[in-house]
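**Q** Handing you this structure, nothing more for now.
2 protein chains.
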Amino acid sequence: MSELRHDPIQKRWVIIAPERGIRPSSYYQVQPGSAGEDEFCPFCEGNEDKTPPEILAYRESGMPENGRGWRVRVVPNKYPALRIEGSLDRKGVGYYDAMGGIGAHEVIIETPFHDEDMADMSVNNLARIFKAFKERMTDLSQDSRFRYVLGFKNYGKSAGSTLDHPHSQIIALPITPRNVAMELKSAKEHYQLKERCLFCDIFQYEIEAGERIIRVTEDFIGYTPYASRFPFEIWIAPRTHSHDFTLIQDKQMNSLAELLKEVLMRLRKALNNPPYNLIIHNSPNIKGSKKRSHYWETLEYDWHWHIELTPKIIPTAGFEWGTGFYINPVSPEEAAKYLREIEVY
Amino acid sequence: MSELRHDPIQKRWVIIAPERGIRPSSYYQVQPGSAGEDEFCPFCEGNEDKTPPEILAYRESGMPENGRGWRVRVVPNKYPALRIEGSLDRKGVGYYDAMGGIGAHEVIIETPFHDEDMADMSVNNLARIFKAFKERMTDLSQDSRFRYVLGFKNYGKSAGSTLDHPHSQIIALPITPRNVAMELKSAKEHYQLKERCLFCDIFQYEIEAGERIIRVTEDFIGYTPYASRFPFEIWIAPRTHSHDFTLIQDKQMNSLAELLKEVLMRLRKALNNPPYNLIIHNSPNIKGSKKRSHYWETLEYDWHWHIELTPKIIPTAGFEWGTGFYINPVSPEEAAKYLREIEVY
Numbered sequence: 001m002s003e004l005r006h007d008p009i010q011k012r013w014v015i016i017a018p019e020r021g022i023r024p025s026s027y028y029q030v031q032p033g034s035a036g037e038d039e040f041c042p043f044c045e046g047n048e049d050k051t052p053p054e055i056l057a058y059r060e061s062g063m064p065e066n067g068r069g070w071r072v073r074v075v076p077n078k079y080p081a082l083r084i085e086g087s088l089d090r091k092g093v094g095y096y097d098a099m100g101g102i103g104a105h106e107v108i109i110e111t112p113f114h115d116e117d118m119a120d121m122s123v124n125n126l127a128r129i130f131k132a133f134k135e136r137m138t139d140l141s142q143d144s145r146f147r148y149v150l151g152f153k154n155y156g157k158s159a160g161s162t163l164d165h166p167h168s169q170i171i172a173l174p175i176t177p178r179n180v181a182m183e184l185k186s187a188k189e190h191y192q193l194k195e196r197c198l199f200c201d202i203f204q205y206e207i208e209a210g211e212r213i214i215r216v217t218e219d220f221i222g223y224t225p226y227a228s229r230f231p232f233e234i235w236i237a238p239r240t241h242s243h244d245f246t247l248i249q250d251k252q253m254n255s256l257a258e259l260l261k262e263v264l265m266r267l268r269k270a271l272n273n274p275p276y277n278l279i280i281h282n283s284p285n286i287k288g289s290k291k292r293s294h295y296w297e298t299l300e301y302d303w304h305w306h307i308e309l310t311p312k313i314i315p316t317a318g319f320e321w322g323t324g325f326y327i328n329p330v331s332p333e334e335a336a337k338y339l340r341e342i343e344v345y
Numbered sequence: 001m002s003e004l005r006h007d008p009i010q011k012r013w014v015i016i017a018p019e020r021g022i023r024p025s026s027y028y029q030v031q032p033g034s035a036g037e038d039e040f041c042p043f044c045e046g047n048e049d050k051t052p053p054e055i056l057a058y059r060e061s062g063m064p065e066n067g068r069g070w071r072v073r074v075v076p077n078k079y080p081a082l083r084i085e086g087s088l089d090r091k092g093v094g095y096y097d098a099m100g101g102i103g104a105h106e107v108i109i110e111t112p113f114h115d116e117d118m119a120d121m122s123v124n125n126l127a128r129i130f131k132a133f134k135e136r137m138t139d140l141s142q143d144s145r146f147r148y149v150l151g152f153k154n155y156g157k158s159a160g161s162t163l164d165h166p167h168s169q170i171i172a173l174p175i176t177p178r179n180v181a182m183e184l185k186s187a188k189e190h191y192q193l194k195e196r197c198l199f200c201d202i203f204q205y206e207i208e209a210g211e212r213i214i215r216v217t218e219d220f221i222g223y224t225p226y227a228s229r230f231p232f233e234i235w236i237a238p239r240t241h242s243h244d245f246t247l248i249q250d251k252q253m254n255s256l257a258e259l260l261k262e263v264l265m266r267l268r269k270a271l272n273n274p275p276y277n278l279i280i281h282n283s284p285n286i287k288g289s290k291k292r293s294h295y296w297e298t299l300e301y302d303w304h305w306h307i308e309l310t311p312k313i314i315p316t317a318g319f320e321w322g323t324g325f326y327i328n329p330v331s332p333e334e335a336a337k338y339l340r341e342i343e344v345y
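Structure representation (structure tokens):
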């Protein structure tokens, strides 16, 4: 059984999840579930019985569940970091604080085709993936034990992906991750002072400044942040204020899919198909929090959902991990210019 | 010229250092200075003229500077992330805040021998490396522009090392890194409440609990933290309260070297020579801060220096980077037990 543990120095929760299956003899090997290029893939069409039963699938009408004919399919993670059953069981452990590893861990299989990377997919299929994120995140947010529902994608082994078949993941957490809590604090302070959204202000400034813009569409902005931690770090966000990704409408999903496809194509060409991580920074889930605090009352004004996309083109050095302080060898202005100008069509 | 930029959402400073030499055509290649196994190594004995002139060296008496005969040698980083000359030049840039990339970036060449890893070295030489850290960190702390002097080591390519020859680094920063500031905040709150050091309390509790201990000596504790972010994360700290690493005495340096050697030997055997990062979490430098704030007045009681050692045996997934929330598949109790029991002598 996995467990959440609180670090009293960094004031951060960590999931200790030994049941993911790593044993002493294989500590220095890769994570369970890893597959090489030629190995059997449980995510490919026809192998639906090799995953846990599906939670959601978009498939041709009339085709039965857990069989062929799907376009996007969501299944529970076979090696979940957190389990859906049980109570939070908050407790003190000697000097420390712990709680049960309660949550959810799902996999969005983005396509039936093993080698169809996100950058190759049709805009329609990308929109379908966002639709799956929306449906599952909406559903998980109903559970008042969950404080945060995290949607993300790891692409490439050095970005943490253990299966090559294109997939994303959703993790529902009983706590709000520290970085999200810090972003929210900044945004809240800004709103209290100015009655304006911090993110809206920044996006507006970036559109005026122009030098860090990759692409601005009617609905979305794609840009490289002023203080980018990583080379070619990219943010994508709705231009109209919205705190909750799950409120996204179909038309916006298409527009988001279009912009993401363009960004991924540019990244792939510019950086020779780099590994990357994509994270949806959504609003915390306040279903279970409302009764606890007035802190959340202005959440819909404070927060602005956005996607953070970070290619991993240089190894992260030790002091970044240990200090929270980053050295980025590529200026975001240079990165944005390069991405804007590279020809992909 | 590199620049420090402030992230208004994460409230974190980032160094944008384009002068480190990465150009668009090589964005997806490794960092400058990388060398393969067989390539020329500027850190080997006999190649002293291929580095900038040395800042410090421990060598046989009578041997001239910048020549052979040294045991440990400190030189400026040829591709510094920060430069020593100039003023901080704090300024607003449109919506944002920036300051000049002022600091220092030095390399400790730990041994004349290319293939003598830290785990192979004599205790005497390890103590010599700590002595070099102490001397250089003491010297850099005299500069009131520097708020923090960071000593660290990247071992192995996937831990960010770009040269195989054993070396450590020192970076002097005009700001205190965010994680250090957060640790200090926790420690300060604890001290104000209890008039006891948070770190001392934790180390004492760990010695009593025992299950996460790797080794306790007269002077030092080596253990795996309760909420370890990474598999086999290890902390090493002095058992007697001390806020400042640079106050370490010769006898303690030997004792520290002994413990570190043992820990590194155990790690190497347990995890098949894993890449790792080692960071000295020292006290912030208050030479330039005293005049600004009472916050620092109790620093010597609040802070407790320690070493954080994090092997990199699994790739870090996307959501860890993006959220500050970690999943660790190996419990620290299991890791400590495995490290304690593995035979290395």
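Order-wise, the sequence lines are chains P and W. Per my numbering, the first sequence starts with residue 1, numbered consecutively. Per my numbering, the second sequence starts with residue 1, numbered consecutively. All residues carry an ideal CB built from backbone N, CA and C; glycine is no exception.
To which residues of the same chain is THR246(P) closer than 6 Å at the C-beta, ignoring the five residues directly before and after it?
**A** For the purposes of this step, residue 246(P) is taken as residue 246 along the first sequence, with counting starting at 1. Once the five neighbours on either side are set aside, the close Cβ partners of THR246(P) are LYS134, MET137, THR138.
**Q** Considering only the alpha carbon of each residue, which of PRO315(W), ARG71(W), ALA187(W) lies closest to LEU126(W)?
**A** Walking along the second sequence from the start, residue 126(W) turns up at place 126. For the residues PRO315(W), ARG71(W), ALA187(W), the minimum Cα distance to LEU126(W) belongs to ARG71(W).
**Q** Taking the beta carbon of THR316(P) as the centre, do at least 16 other beta carbons fall within 10 Å, making it buried, or is it exposed?
**A** Counting from one through the first sequence, the residue named residue 316(P) turns up at place 316. It is buried - the Cβ of THR316(P) has at least 16 other Cβ atoms within 10 Å.
**Q** Considering only their Cβ atoms, is the gap separating TYR148(P) from VAL180(P) smaller than 8 Å?
**A** The sequence position of residue 180(P) within the first sequence is 180, counting from 1. The sequence position of residue 148(P) within the first sequence is 148, counting from 1. A contact, by the Cβ cut-off of 8 Å.
**Q** Could you work out which residues of chain W lie near GLU331(P), taking near to mean beta carbons separated by less than 7 Å?
**A** Indexing the first sequence from 1 puts residue 331(P) at position 331. Looking at the sequence shown, residue 331(P) is not Glu but Ser. In chain order: ILE16, PRO18.
**Q** By Cβ distance below 6 Å, which residues in the same chain neighbour VAL30(P) in space, the five residues on each side in sequence not counted?
**A** Working through the first sequence from its first residue, we reach residue 30(P) at position 30. With a pLDDT of 39 at VAL30(P), under the threshold of 50, the modelled position of this residue cannot be trusted; read the value that follows with caution. Nothing meets the Cβ criterion.
**Q** Provide the residue(s) that pair with TRP70(W) in DSSP beta bridges, ordered along the chain.
**A** Within the second sequence, numbered from 1, the residue matching residue 70(W) stands at position 70. Note: TRP70(W) sits in a beta bridge opposite ARG59(W).
**Q** DSSP state of HIS114(W), grouped into three classes?
**A** The residue you call residue 114(W) lines up with position 114 of the second sequence. Coil at HIS114(W), not helix or strand.
**Q** Please say whether LYS194(W) and PRO275(W) have beta carbons closer to each other than 8 Å?
**A** Residue 275(W) sits at position 275 when you count from the first residue of the second sequence. Residue 194(W) sits at position 194 when you count from the first residue of the second sequence. Cβ distance not < 8 Å, so PRO275(W) and LYS194(W) don't count as in contact.
**Q** Just the chain W side, please: which residues come within less than 9 Å of TYR223(P) by C-beta, in chain order?
**A** Reading the first sequence from its first residue, position 223 is the one you call residue 223(P). Residues of chain W passing the Cβ test: none, with the nearest at roughly 13 Å.
**Q** Tell me where the beta strand (DSSP E) around THR310(W) begins and ends.
**A** For the purposes of this step, residue 310(W) is taken as the residue at position 310 of the second sequence. It spans 306 to 311 - the beta strand (DSSP E) in which THR310(W) sits, taken as one unbroken run.
**Q** Restricting to runs no shorter than 3 residues, where is the beta strand (DSSP E) found entirely within the region 116 to 174 of chain W?
**A** Fully enclosed beta strand (DSSP E) runs of 3 or longer: 148 to 155, 167 to 173.
**Q** For chain P, find out if any of its Cβ atoms is closer than 8 Å to the Cβ of THR138(W); answer yes or no.
**A** Within the second sequence, residue 138(W) is the residue found at index 138, counting from 1. Answer no: the Cβ-Cβ gap between THR138(W) and chain P never drops below 8 Å.
**Q** Could you tell me whether any Cβ in chain P is nearer than 8 Å to the Cβ of VAL180(W)?
**A** Walking along the second sequence from the start, residue 180(W) turns up at place 180. Yes, contact with chain P.
**Q** Within the region 247 to 279 of chain W, note down every full alpha helix (DSSP H) run reaching 4 residues or more, in order along the chain.
**A** Runs found: 250 to 271.
**Q** Is the number of C-beta pairs between the region 165 to 182 of chain P and the region 318 to 325 of chain P that are closer than 8 Å three or more?
**A** No, the region 165 to 182 of chain P is not in contact with the region 318 to 325 of chain P.
**Q** In three-state DSSP terms, what is ALA187(W)?
**A** The sequence position of residue 187(W) within the second sequence is 187, counting from 1. ALA187(W): helix per DSSP, three-state reduction.
**Q** Please classify TYR338(W): does DSSP put it in a helix, a strand, or coil?
**A** Looking up residue 338(W) in the second sequence gives position 338. Of the three classes helix, strand and coil, the one that applies to TYR338(W) here is helix, per DSSP.
**Q** Under 8 Å between the Cβ atoms of ILE346(P) and GLU183(W)?
**A** Here chain P covers residues 1 to 345 and nothing more, so residue 346(P) does not appear.
**Q** Note down, in chain order, all residues in the region 193 to 208 of chain P with a beta-carbon under 8 Å from any beta-carbon belonging to chain W.
**A** Listed by position along the chain: LEU198, PHE199, ASP201, ILE202, TYR205.
**Q** Going by DSSP, which residues form a beta bridge with GLU3(P)?
**A** Here residue 3(P) is taken as the residue at index 3 of the first sequence, counted from 1. BP columns for GLU3(P) point to ILE16(P), GLY100(P).
**Q** Give, in chain order, every residue of the region 292 to 321 of chain W whose Cβ lies closer than 7 Å to some Cβ of chain A.
**A** Protein chains P and W are contained in the structure displayed, whereas chain A is not.
**Q** Of all Cβ atoms in chain P, is any one closer than 8 Å to the Cβ of ASP89(W)?
**A** In the second sequence, residue 89(W) corresponds to position 89, counting from 1. Output row for ASP89(W): interface = no.
**Q** Let's see if you can read the secondary structure: which residues bound the beta strand (DSSP E) around TYR301(P)?
**A** In the first sequence, residue 301(P) corresponds to position 301, counting from 1. Note, TYR301(P): premise wrong, no beta strand (DSSP E); alpha helix (DSSP H) at 299 to 302.
**Q** Closer than 8 Å by C-beta to GLY33(W): which residues in its own chain qualify, once you throw out the five before and the five after it? Chain order, please.
**A** Indexing the second sequence from 1 puts residue 33(W) at position 33. No answer about GLY33(W) holds up, because its pLDDT of 43 lies below 50 and its placement is not dependable.
**Q** Do you know how far the Cα of SER331(W) is from the Cα of ALA172(P)?
**A** Taking the first sequence and counting its residues from 1, the one referred to as residue 172(P) is at position 172. Taking the second sequence and counting its residues from 1, the one referred to as residue 331(W) is at position 331. One C-alpha to the other measures close to 21 Å.
**Q** State buried or exposed for ARG365(P), treating a residue as buried only when at least 16 other CB atoms are found within 10 Å of its CB.
**A** Here chain P covers residues 1 to 345 and nothing more, so residue 365(P) does not appear.
**Q** Starting from ILE213(W) and walking both ways along the beta strand (DSSP E), at which residues does that stretch end?
**A** Within the second sequence, numbered from 1, the residue matching residue 213(W) stands at position 213. Its beta strand (DSSP E) spans residues 213 to 216.
**Q** Mind checking the region 143 to 157 of chain P against chain W and listing, in chain order, the residues whose C-beta falls within less than 8 Å of any C-beta there?
**A** Of all residues in the region 143 to 157 of chain P, LEU150, PHE152, LYS153, ASN154, LYS157 have a Cβ within less than 8 Å of some Cβ in chain W.
**Q** With a threshold of 8 Å between beta-carbons, can ASP7(P) be considered close to chain W, or not?
**A** Position 7 of the first sequence, counted from the first residue, corresponds to residue 7(P). True, the Cβ-Cβ gap to chain W drops below 8 Å.
**Q** Go through its chain and collect everything with a Cβ distance to ASP302(W)'s Cβ below 6 Å, but skip five positions before and after it.
**A** Taking the second sequence and counting its residues from 1, the one referred to as residue 302(W) is at position 302. Excluding residues within five positions, the ones whose Cβ falls inside 6 Å are ALA187, LYS188, TYR191.
**Q** If you run the structure through DSSP and keep just helix, strand and coil, what is GLN29(W)?
**A** Numbered from its first residue, the second sequence carries residue 29(W) at position 29. Residue placement at GLN29(W) is poorly supported in this model, since its pLDDT is 48, which falls under 50; the coordinates still yield a value, given next. Looking at GLN29(W) - three-state DSSP - the assignment turns out to be coil, as it is neither helix nor strand.
**Q** Since LYS205(P) is in the alpha helix (DSSP H), which residue starts that stretch and which ends it?
**A** For the purposes of this step, residue 205(P) is taken as the residue at position 205 of the first sequence. Reading off the sequence shown, one finds Tyr at residue 205(P), where the question assumed Lys. Segment 198 to 209, the alpha helix (DSSP H) holding TYR205(P).
**Q** Can you tell me the Cβ-Cβ gap for PHE230(W) and PRO311(W), rounded? I've got them flagged as a contact below 8 Å.
**A** Taking the second sequence and counting its residues from 1, one reaches residue 230(W) at position 230. Taking the second sequence and counting its residues from 1, one reaches residue 311(W) at position 311. Confirmed, about 7 Å.
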